[in-house]
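**Student:**
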Amino acid sequence: MPTSRAYALATAQAVLRDTLAIPTNARTVAQALALSMPRDARTISQWVDQQLRRSRRPQTLKAVFCWALNPNRTNGWVCLKSHGSASGTAGAKGLALHLRMHPFTRQDVQAMDLQIVRHTRRRQRELLSVIRVTELASRKRADPRTIEAALMMVALQRDPHGASF
């Protein structure tokens, strides 16, 4: 990961170019995964939100950040540092490679690594509130009493002295 924002885009393009240069039949599972996902996130926060929508766990993302920041370390070392398990190594490596295909700096990744749990909880609260509002809205549309009350309110607004139905 580059330390300077000036080199972030060039580094991301180089990682993508080098990965695309590998023949399809010679690519690892991690490389195939990294290339299969869209690369449209503008910020590290957007990238994390995309991964959360794909049901990635915060623990997996911590391993991803560890791989992205330390690509030459062993599986055991990364699992120890991120408190992860070796079973998801290929997926985490693929996500780390995908992360490196974005113009993020080392500082961006380190900052998100420190706040991933808080970011995930905040994002879950936001999504739950949207779901609750959507559920309430759909209930109100389907409830005939709500429709009747709305009609009465419209009628009273038109003729406040004697609406007749």
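Numbering (our numbering), first residue to last: 13 to 177.
Every residue, glycine too, gets a C-beta built ideally from N, C-alpha and C.
(1) Does the stretch 16-27 touch the stretch 108-126, meaning 3 or more C-beta pairs lie closer than 8 angstroms?
(2) Quick one: using the 10 Å Cβ neighbour count with 16 as the cut-off for buried, is S94 buried or exposed?
(3) Just verifying my parser: in three-state terms, what is the DSSP assignment at D120?
(4) Return the first residue and the last residue of the alpha helix (DSSP H) that P70 is part of.
(5) Count the other CB atoms, across all protein chains shown, that sit within 10 Å of the CB of L5; report buried if there are 16 or more and exposed otherwise.
(6) So A104 and A75 are in contact, right, with Cβ under 8 angstroms, and what is the actual spacing, rounded?
(7) I'd like the span of the alpha helix (DSSP H) that includes A104, first residue to last.
(8) Quick check: the Cα distance between G62 and R135, rounded to an integer number of angstroms?
**Tutor:** So, from the data block:
(1) Yes, the stretch 108-126 is in contact with the stretch 16-27.
(2) buried
(3) helix
(4) Unbroken alpha helix (DSSP H) run through P70: 70-81.
(5) Residue 5 is absent from the structure shown; the chain starts at 13 and stops at 177.
(6) 4 angstroms
(7) Where A104 is concerned, the enclosing alpha helix (DSSP H) stretches over 101-112.
(8) For the record, residue 62 in the displayed sequence is Gln; it is not Gly. Near 11 angstroms, if we compare the C-alpha coordinates of R135 and Q62.
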